[in-house]
Each structure stands twice: as structure tokens, then as C-alpha cells.
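Protein chains: 2
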Amino acid sequence: MARVLTPRSEDFPRWYQELLAKAELADNGPVRGTMVIRPAGYAIWERMQSEMDERIKAAGAQNAYFPLLIPESYLRREAQHVEGFSPELAVVTHGGGKPLAEPVVVRPTSETVIGEYLAKWVSSYRDLPLLLNQWANVVRWELRPRLLLRTTEFLWQEGHTAHATQDDARRYARRILHDVYEDFMRTVLAMPVVAGRKTARERFAGATNTYTLEGMMGDGKALQMGTSHELGQNFAKAFDVVFSGRSGTREHAWTTSWGSSTRMLGGLIMCHGDDAGLRVPPRAAATQALVTVVKEGEGVPRAAARLRDELEAVGVRVALDDRVDTPFGRRAVDAELKGFPVRIEVGPRDLAAGNVVLVRRFDGTKTSVRVGAIVKTVVETLALDQQALYDAALARRDAGTVEVKTTDDAIAAAIAGKWARVPWSTMGAEG
Amino acid sequence: MARVLTPRSEDFPRWYQELLAKAELADNGPVRGTMVIRPAGYAIWERMQSEMDERIKAAGAQNAYFPLLIPESYLRREAQHVEGFSPELAVVTHGGGKPLAEPVVVRPTSETVIGEYLAKWVSSYRDLPLLLNQWANVVRWELRPRLLLRTTEFLWQEGHTAHATQDDARRYARRILHDVYEDFMRTVLAMPVVAGRKTARERFAGATNTYTLEGMMGDGKALQMGTSHELGQNFAKAFDVVFSGRSGTREHAWTTSWGSSTRMLGGLIMCHGDDAGLRVPPRAAATQALVTVVKEGEGVPRAAARLRDELEAVGVRVALDDRVDTPFGRRAVDAELKGFPVRIEVGPRDLAAGNVVLVRRFDGTKTSVRVGAIVKTVVETLALDQQALYDAALARRDAGTVEVKTTDDAIAAAIAGKWARVPWSTMGAEG
Ligand SMILES: [Zn+2]
Ligand SMILES: [Zn+2]
Numbered sequence: 346m347a348r349v350l351t352p353r354s355e356d357f358p359r360w361y362q363e364l365l366a367k368a369e370l371a372d373n374g375p376v377r378g379t380m381v382i383r384p385a386g387y388a389i390w391e392r393m394q395s396e397m398d399e400r401i402k403a404a405g406a407q408n409a410y411f412p413l414l415i416p417e418s419y420l421r422r423e424a425q426h427v428e429g430f431s432p433e434l435a436v437v438t439h440g441g442g443k444p445l446a447e448p449v450v451v452r453p454t455s456e457t458v459i460g461e462y463l464a465k466w467v468s469s470y471r472d473l474p475l476l477l478n479q480w481a482n483v484v485r486w487e488l489r490p491r492l493l494l495r496t497t498e499f500l501w502q503e504g505h506t507a508h509a510t511q512d513d514a515r516r517y518a519r520r521i522l523h524d525v526y527e528d529f530m531r532t533v534l535a536m537p538v539v540a541g542r543k544t545a546r547e548r549f550a551g552a553t554n555t556y557t558l559e560g561m562m563g564d565g566k567a568l569q570m571g572t573s574h575e576l577g578q579n580f581a582k583a584f585d586v587v588f589s590g591r592s593g594t595r596e597h598a599w600t601t602s603w604g605s606s607t608r609m610l611g612g613l614i615m616c617h618g619d620d621a622g623l624r625v626p627p628r629a630a631a632t633q634a635l636v637t638v639v640k641e642g643e644g645v646p647r648a649a650a651r652l653r654d655e656l657e658a659v660g661v662r663v664a665l666d667d668r669v670d671t672p673f674g675r676r677a678v679d680a681e682l683k684g685f686p687v688r689i690e691v692g693p694r695d696l697a698a699g700n701v702v703l704v705r706r707f708d709g710t711k712t713s714v715r716v717g718a719i720v721k722t723v724v725e726t727l728a729l730d731q732q733a734l735y736d737a738a739l740a741r742r743d744a745g746t747v748e749v750k751t752t753d754d755a756i757a758a759a760i761a762g763k764w765a766r767v768p769w770s771t772m773g774a775e776g
Numbered sequence: 346m347a348r349v350l351t352p353r354s355e356d357f358p359r360w361y362q363e364l365l366a367k368a369e370l371a372d373n374g375p376v377r378g379t380m381v382i383r384p385a386g387y388a389i390w391e392r393m394q395s396e397m398d399e400r401i402k403a404a405g406a407q408n409a410y411f412p413l414l415i416p417e418s419y420l421r422r423e424a425q426h427v428e429g430f431s432p433e434l435a436v437v438t439h440g441g442g443k444p445l446a447e448p449v450v451v452r453p454t455s456e457t458v459i460g461e462y463l464a465k466w467v468s469s470y471r472d473l474p475l476l477l478n479q480w481a482n483v484v485r486w487e488l489r490p491r492l493l494l495r496t497t498e499f500l501w502q503e504g505h506t507a508h509a510t511q512d513d514a515r516r517y518a519r520r521i522l523h524d525v526y527e528d529f530m531r532t533v534l535a536m537p538v539v540a541g542r543k544t545a546r547e548r549f550a551g552a553t554n555t556y557t558l559e560g561m562m563g564d565g566k567a568l569q570m571g572t573s574h575e576l577g578q579n580f581a582k583a584f585d586v587v588f589s590g591r592s593g594t595r596e597h598a599w600t601t602s603w604g605s606s607t608r609m610l611g612g613l614i615m616c617h618g619d620d621a622g623l624r625v626p627p628r629a630a631a632t633q634a635l636v637t638v639v640k641e642g643e644g645v646p647r648a649a650a651r652l653r654d655e656l657e658a659v660g661v662r663v664a665l666d667d668r669v670d671t672p673f674g675r676r677a678v679d680a681e682l683k684g685f686p687v688r689i690e691v692g693p694r695d696l697a698a699g700n701v702v703l704v705r706r707f708d709g710t711k712t713s714v715r716v717g718a719i720v721k722t723v724v725e726t727l728a729l730d731q732q733a734l735y736d737a738a739l740a741r742r743d744a745g746t747v748e749v750k751t752t753d754d755a756i757a758a759a760i761a762g763k764w765a766r767v768p769w770s771t772m773g774a775e776g
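Top to bottom, those sequences are chains A and B.
Using my numbering, you'd call the opening residue of the first sequence number 346 and step up by one each time.
Using my numbering, you'd call the opening residue of the second sequence number 346 and step up by one each time.
Here's what the structure looks like:
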């Protein structure tokens, strides 16, 4: 078969770039570091948003929207925060045809502006916990951009919560880490992420504790897929988020923030993609099954359309490819590039014998299936392949991880392209 | 009853501001003209997005995402476009700690950047029509901001399509106007909007034809709820969106764009709100029914929770208010402010007699209903009230509109606070 992409083993970053282009997932924007998310990529992102949003709401957080533009002075209020973000800011100096009296920044994240409103909305312990989330774009000027992974603008959700006690804040930061992020990544993205805690030097700017979830990509490298932070009372002190306790005392709230972004889409691609293209886990796929008319023939288009309708009726997200004027081989290569979990090929000869062909994107296997059994088989195959992708990623992760006891051994493992699991005490909390 | 809001008849703009604050719908952002959409407001916006998105996809458009930051030079390529938007731009001059070689603007709308990508993606008539939509934030510096109605940043969807013929572009611009916008506004927002066409001087900057939908607010004034534009070949020529036709000829595409924004949320509030607060049409309501525990009592909380579950089971969006430590009267006033379509009051005395009280937000009527009949009654009442809000808005619109034949009569009607329907020929296409 003709080579569609540079093989991963030859040049993984190049494979990734080619896949984004050929599967029509994303493109570079006109301003360096920005991106265009094309319909095929965005449809997966919408699935991800929907599954995440459901979990966020189940964890009790409510969606809201805070402004894109933030007074520069807000960022300065929390010392570590301004230090962490200053080199990455986009600054608006002109608005409405005039220079602005005070420059405003395009939000790199919203801790500061939300801090201001938490202070307005919180006055008593009865107002706590206050659990907010927003879906938004943020801008962090990026010097070495990579599409979906490190971009000057990206899409994300950012959660911001205020609590009466440190303990409650910590429990919530962990609840988001596990019940929202980890559950989503494992069950929907089919990625066996590793939950962990950052050392002091790797923490979010202004956080007292940062939890992270790391996924192993196809080249054995790690990608940070989401983070959840305890901010202690740092932002509450900077923005005066104060509440009266049960006994009338005035106390600063304890806040958290947590975020996950379109980088997860890059992670999904680099985790599951193979040399033929993307493989999308069925639960994350906007189109789970593609019914393909192989070529014209007695009753073929009608049978394909009926099959599409039957799959739709049982809740499978399905599309019909009846572009018989495009060569079948080209359409098959394109479908593999785009990673639809299963294809059902409907051709005149098979159909005359009462069969269709089921093609699994997971391993490329093709099976002849009776027309009367195909709906049930598709549903079962989607469940199997969701698990199969997870298992394959887990096997790779385990094979690529070594247990070590010393920093030297960890460095040696990293040089060998492995993950090293080091005892926390070896590194120390400061890292 | 104590006055909760300034009556609309006394000061409509003030009523609106007070309602936004007291119903916790929206707040001013720290940068002048920007806004915070609070959870109660955002939840309605999410319902609106979901209903709109369904219709946009049914019209064949696919969602995508284009960058927030646009090179200033892009806007200059279409003469009328740059002229129309220049006074409203927010300009980023510094990025990553350095002055930028070329300033970039925060998108006021995305015709230009999408024009650039249409040019890359379109090469043959087979690529047309290309139908894109994005949900995004845009920034237009606003000198006289009003929350949700005219804000420096707002959220919207913007559709951008390219077609092979003028006729196809025109039909699609109208399809969006009627099948997406008008249908959504009438059936979900319960607003009897009037579809129309703008005169030349009121057209979108760069459009050859602009369709609009106007709603009548509670004060008799008009609000533009959405627009759909034919852009002719203006943007296609500015960005070289060229395709080869069936006979091999090279032609510029015909493009459209269409948008609707968080202003619709302001319109919903100003159309249906009354002196007690917001009234949300059931189909747009994030919470359609509020089950209220009047006070503690034998079996009351359990009965209320069961009722909540039963309503949820039949697909009603329902919430439970069991905050019996807050006075019932205050909770009732708050529920009226927030506009939940129906409340079901569960109190010990009624419950002992096998009844609950159904309160319709539409007209304030209270009815005693048998517990066994309440689920069915709620479902019926929600359908009735969706229609009742529409009918009330229609009656007001008709009473507030006069038919006139001359410009003088139209001006007289406007002075009297009425809409005037003038023959198109009286104004002329130039306006
Ligand atoms: Zn303080
Ligand atoms: Zn041209």
C-alpha cells in the first residue's frame, strides 16, 4: 500500500504534522502560534466538551462567563502569578481608535478577574463552596508553537472555586482530578493517564499545590493532559475574598482552579494514532461508524441508507459515504486517516449474498457479517474497540515505564526514552 | 407586596438593570463595556446555544474554530469592511513581552480570517457549498455599553459560507434567516420577530444585502435579534476565493455570513420580563420547574424529592428548593425574579390533603393539584405557557405597530412610540 504518512518510528513530530493536515484536523493561524481547528477536529472537541461538561456539572460546578480583557493591574496583585505570566501576555494598548489610559491584557487564565467577583459574591460561609467553571479561549504568547499542543491561543475550560476550609478546597481539587479529568480521560479518551503531584518548581504560578494527569504518547513521551490546583489563600488575600464564619469570624476563603484544553485533542491523536492515520476511541468519535457504498449496484444505495438509519436509531453516531464517483480506495484511505472507529462496506456482490463487510479501524481487520446481524455487531465492536485502545495504550505505558530508586537511574531511564517512577522522597517536595 | 423592581412603566432601562442584578443574570466586567455572565444567565444561554446549534447543523453547516487574533492588514483588504470596523477595534501591540512587528486586532468578526482559509480549501465547484459556523467571542469597542445588548465583548455564533452561484448564496442566507433564526426565536424564545431587509445605509460593512430579525421589547422598542448577510463576491475577491467551475472556468465564490449573539438573551429578558422579574419561556429555561418545600413537616421533604425525580424522569428540567431555613416568602420572590416557568409548592397541610400548589410564572395563578396528577399537569402547563408568552408578545407587537404610507406618517408613529410598517418603495433600497 502507498505510504500515506511518514511512519511514526521515522519522525514522530512530522507524522503528527502530516496527520493534522491530511485528516483535516487543524491548521496554523495567520498570527504565529495561533491555530484553526477544522470541522473534523472540532467535532471531536465538541464530543470532549460534552462529556467533560456533564462531569463538571455532576461535580456541582456551574458554568459562567468572565471577560476576555483584564486590567493589567489585576495580574500584579498576586506576586508569583504576575511573574509566571508576564512573558506570555498579549497586551491591548488601543481600543476604539484611541490609546487606552490603562493597557489591558488578553486573559492568559482567569484567576484574577474571577477573584474580583468571588470577593463580591462571597460574604458568608453560607455562600461557600462557590463552584464555577467557564469554557473559553485564552492567550499565552508561545515562542515554540506546536498545533494543539502549545499554541498562542487555545480553547479550554477553567474551573474556579472558593471554599471555607483548606480541607474542603483540597478535597474538591482532588475530586475534579479524579472524578472529572481522570474518569473522562480513561473512559472516553481511552488513555491510561497517571495522576500525580508537581514539585514546587513545576507548580502553577500562585498555587500551593498542583495535581497533574500525564498521558504517554506514541513516541513514549509524556503529555500533561490536565491540572488541578490548590491556591491556598493566595488569591483570596490578593482579591479580598473574605467570608464570615459560623462564629462570626472574618476569614479568607481557600480557592482552587483547574483546567484542561484543546491540548487533550493533540494528546488523543498522539496517543492512539498509527501509521495509517488517526484512531478515535468510539466514545470520543463524532462519527463512530461510516457506512460506505463500495460501488453502484442493484439496491446498494438503498441498503446503505437503511443501514445508516438503523444504526442511528440505536444511538450510533453514523455517516453515509455514497460518493461513488470518487475511487473506493481513495475513500478508504481517507476514512483511515480520519479514524472513524468502524466502517461498513456495502457492495453489490456481498449484498446479493446477504452480507456486508465490517472494517475495524483499531486493527484493520475485515469481517463479513450478515445484514441482519450488522447493527448488533457494530454496537458490540464499538465497545470492544474502546477497551482495546485503552489496553494497547496501557501496555505501551507499562512497557515504557521503569521503577527506579535514584535520580541517576531516573536520568538514565529518560535518556533511554522511558518514564521513570521515582520515590517522592528521592526528589523532595521542592523538586 | 413590597416592590422588588422599579416598574417597567416608570423607567424601563432601570428595570432592566435592576433585574439583571437581582436575578443574578449578568454584571459589568472590570474593563468598561465588558460583562460577566453569571450562572443563572449563562444557563439560559447554554439552552439557547444548544437549540441554535441543532438547527445550524440541520442546515448543513459544520462547526470549526478560527483564531481570536487577526493581522491588521487582513481587515484592510475589503474597503467597506475596514471602514465599518476601524473605530471599534481592540489592537494588540505587545506580545510575549515585546512590541509586535505588525499589530494584530482582536476579531470584531471573522469574515477576513475565514476568507483566507476559504481560499485555501476551495478549488473546485465540488468543494462548494462550504458551510462553516463558529461559536466564539468577539470584541467591538463600545462607547455606550448596555449589559448583554451592546457590550465591548460578546459571545456569538458566526456562520460563513461559500457558494458557486449568487442564487445559491442568497437561498442559503434566507434559509438561515428563516429555518435557523426565525424558527428558533419563535418556537424557543417565544418571540414573534419580524423578518426584514436592511436599506443600503444600514447594511453590514461589506455586504450586498442584509436580512434582519427584529423583536419588540416590553417598552415597544425594536431590538435586532440576528442578521444574515449576502456578501456578494466582495470577500471572495479580497481573499481570492476562486473555484474552477464545471466547464473549467475560474470564478470567484459567492459568500454569506450570519450571526446571533448574547444580545438575544437581553432581548428575551426585555421581551418577556414583567414587574416581578424575568419570565423564561419553558423551552429556553434551564430550570423549567422548581419544586419548593414550603416548610418542614411530616413527609414533606421526601414527597418533594420524589416529585423532583418524577418530573426529571419525564424530561422536565427541574430543581428542588428545600432551603427551609430561608423564609418562604423570600424564596418565592427570588423564584419570580429568576423566572422559572412553574413552581410546585409542597407544604404539610396541602400534602396531608393529597395536594400540592402549582404556580404559573406566566400569570401568577395558583392552583391546587392532586399529587397524582401533578406531573401531567406540569407538562401540559409548560406547553401552554410557551404559547401564552408568544401570544402576549404578539398581541403587544400588533398593538404597537401601525401601517403607514408616507415617511412623515412613519416619523409620527415613531414619536408616538410605535413601529411603523412603511412600503419598501416609500423608502427606496438606499434608505
Ligand atoms: Zn484580605
Ligand atoms: Zn481574486
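No residue lacks a Cβ here, since even glycine has one placed at the ideal position from N, Cα and C.
These figures come from a predicted structure and were not determined experimentally.
Cutoff 7 Å; reference residue i; Cβ partners in own chain excluding five residues on either side
i: residue 720(B); result: 655, 656 and 659
i: residue 698(B); result: none
i: residue 495(B); result: 487 and 489
i: residue 704(A); result: 687, 688, 690 and 711
i: residue 746(A); result: 763, 764 and 766
i: residue 543(A); result: 555 and 557
Counted within 10 angstroms of its Cβ, other Cβ atoms place residue i as buried (16 or more) or exposed
i: residue 443(A); result: exposed
i: residue 725(B); result: exposed
i: residue 358(B); result: exposed
i: residue 605(B); result: buried
i: residue 730(B); result: buried
i: residue 479(B); result: buried
i: residue 355(A); result: exposed
i: residue 465(B); result: exposed
i: residue 750(B); result: exposed
i: residue 378(B); result: buried
i: residue 627(A); result: buried
i: residue 395(A); result: exposed
i: residue 756(A); result: exposed
Delimiting residues of the alpha helix (DSSP H) encompassing residue i
i: residue 357(B); result: 357-367
i: residue 714(B); result: Element bounds for residue 714(B): not the alpha helix (DSSP H) but the beta strand (DSSP E), 711-715.
i: residue 582(B); result: 579-584
i: residue 402(A); result: 384-403
Close beta carbons around residue i, own chain, < 6 Å, minus the five adjacent residues each side
i: residue 635(A); result: 664, 666, 680, 685 and 688
i: residue 459(B); result: 411 and 505
i: residue 613(A); result: 534
Expected contact under 8 Å - CB spacing of residue i and residue j to nearest Å
i: residue 711(B); j: residue 669(B); result: Actually they are not in contact, since the Cβ atoms of residue 711(B) and residue 669(B) sit about 20 Å apart, beyond 8 Å.
i: residue 457(A); j: residue 503(A); result: Between residue 503(A) and residue 457(A) the Cβ distance is about 12 Å, and since that is not below 8 Å, they are no contact.
i: residue 777(A); j: residue 620(A); result: There is simply no residue 777(A) to check, as chain A begins at 346 and stops at 776 in what is shown.
i: residue 391(A); j: residue 408(B); result: 7 Å
i: residue 499(A); j: residue 608(A); result: 7 Å
i: residue 369(B); j: residue 385(B); result: 5 Å
i: residue 401(B); j: residue 450(B); result: Actually they are not in contact, since the Cβ atoms of residue 401(B) and residue 450(B) sit about 26 Å apart, beyond 8 Å.
i: residue 632(A); j: residue 662(A); result: 6 Å
i: residue 796(B); j: residue 598(B); result: With chain B running from 346 to 776 in the structure shown, residue 796(B) is simply not present.
i: residue 361(B); j: residue 561(B); result: Contact flag wrong, Cβ pair sits at about 15 Å.
Delimiting residues of the beta strand (DSSP E) encompassing residue i
i: residue 470(A); result: Unbroken run through residue 470(A): none, as it is neither H nor E.
i: residue 291(A); result: Because chain A here runs from 346 to 776, residue 291(A) falls outside it and cannot be looked at.
i: residue 603(B); result: 599-606
i: residue 372(A); result: 371-373
i: residue 685(B); result: Element bounds for residue 685(B): n/a, residue is neither H nor E.
i: residue 440(A); result: 435-440
Beta-carbon proximity list for residue i, same chain, < 8 Å, skipping 5 on both sides
i: residue 520(A); result: 404
i: residue 773(A); result: 544
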